[in-house]
Amino acid sequence: MPIDPNAPRRLAAGGRVVLASHNRGKLAEFGAVLGAWDITVLLASDLGLPEPDETEDSFAGNARLKALAAAKASMQPSLADDSGFAVDALGGAPGIFSARWAGPEKDFAAAMRRIHHEAAANPDHSAAFVCALCLAWPDGHVVEVERTLRGEWVWPPRGSGGFGYDPMFAPRGSALTFGEMSREAKAAISHRALAIADLAAMVRPL
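In terms of the UniProt record's numbering, the sequence shown has 95 at position 95, counting the first letter as 1, and numbering is strictly consecutive.
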């Protein structure tokens, strides 16, 4: 019987999922969650899969593009996220270009200096982290979620934990930046944690 592409679909306990990323920081975050479901997580770079160009104009579009590319290349269910830092005073920038602002050297200190330089004159320090997740199967079936965590950007950056823009983002209601929080504290409230919780409700093994 053919699979109904619109039917709900869950991951299989004991199975494998490819994380469509070359970022080992993300592997640690997603691996902890999926490992608890008895699912082995494989990093795309360890399988020799290239990173496709992110040519879409939204977080959701780029996550879908990466997940589908990895699923079709590996013939395994594949999970991708596209996340970024959005500063209200900059019209939502760097947004989907968050990684590109850091350049090929992944110099996020320089990217944070750029945000400060371009937004310092605006009294509005509102900002957000956004995470879009897409889980794709080789046959093209996808499950997608997107969550946003509001807060504000701070200067100078504080803390050495996390990665990317974490040291300059304080979630709403917190005196600490992501860079100052423990991994466990950040994981409990982050934009990625919110998105993973939504995705889990739909695809985690029963």
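Where a beta carbon is used, it is the ideal one built from N, C-alpha and C, also for glycine. No experiment lies behind these values; they were computed from the predicted model shown.
Restricting to Cα atoms, I'd like to know which of the options is closest to residue i.
i	options	result
alanine 110	Phe59, Arg10, Pro94, Pro123	Pro94
alanine 80	Phe59, Ser98, Ser174	Phe59
glycine 164	Glu54, Pro123, Asp53, Ser83	Ser83
arginine 183	Ser45, Ala36, Ser160	Ser160
glutamate 29	Ile189, Pro123, Ala201	Ile189
aspartate 57	Leu68, Trp37, Ile96	Ile96
cysteine 154	Thr148, Glu146, Ser126, Gly173	Reading the sequence as shown, one finds valine at residue 154 and not cysteine. Among Thr148, Glu146, Ser126, Gly173, the Cα nearest to that of valine 154 is on Ser126.
asparagine 23	Pro8, Asp38, Ser45, Arg9	Ser45
What separation, rounded to the nearest whole angstrom, lies between the Cα atoms of residue i and residue j?
i	j	result
glutamine 76	glycine 162	29 Å
valine 18	leucine 43	6 Å
alanine 119	methionine 181	24 Å
leucine 176	aspartate 139	43 Å
isoleucine 115	leucine 194	25 Å
phenylalanine 178	alanine 197	19 Å
alanine 32	glycine 15	15 Å
glutamate 144	alanine 132	7 Å
asparagine 62	leucine 27	18 Å
proline 52	aspartate 124	35 Å
alanine 13	alanine 121	52 Å
proline 8	glutamate 54	27 Å
Could you check whether residue j and residue i sit closer than 7 Å to each other, using their CB atoms as the reference points?
i	j	result
residue 221	leucine 49	The displayed coordinates of the chain run from 1 to 206. Any statement about residue 221 would go beyond what the structure contains.
glycine 134	arginine 64	Before going further, note that residue 134 is cysteine rather than glycine in the sequence given. Yes.
valine 41	leucine 34	yes
isoleucine 11	proline 205	With the sequence shown as reference, residue 11 is identified as leucine, and isoleucine is not the correct amino acid for it. Their beta carbons are under 7 Å apart, which means leucine 11 touches proline 205 by this criterion.
alanine 136	valine 130	no
alanine 128	alanine 86	yes
proline 171	leucine 149	yes
serine 78	alanine 20	yes
phenylalanine 108	alanine 102	yes
Who are residue i's beta bridge partners in DSSP?
i	result
serine 126	Glu152
leucine 43	Leu19
alanine 80	Cys134
residue 272	The structure shown does not extend to residue 272, since the chain spans only 1 to 206, so no value can be given for it.
proline 8	DSSP, once it has assigned bridges, lists no residue as partnering proline 8.
phenylalanine 85	Phe129
Using a Cβ cut-off of 7 Å (strictly closer), state whether residue i contacts chain C.
i	result
leucine 90	The question asks about chain C, but that chain is absent: this structure has only one protein chain.
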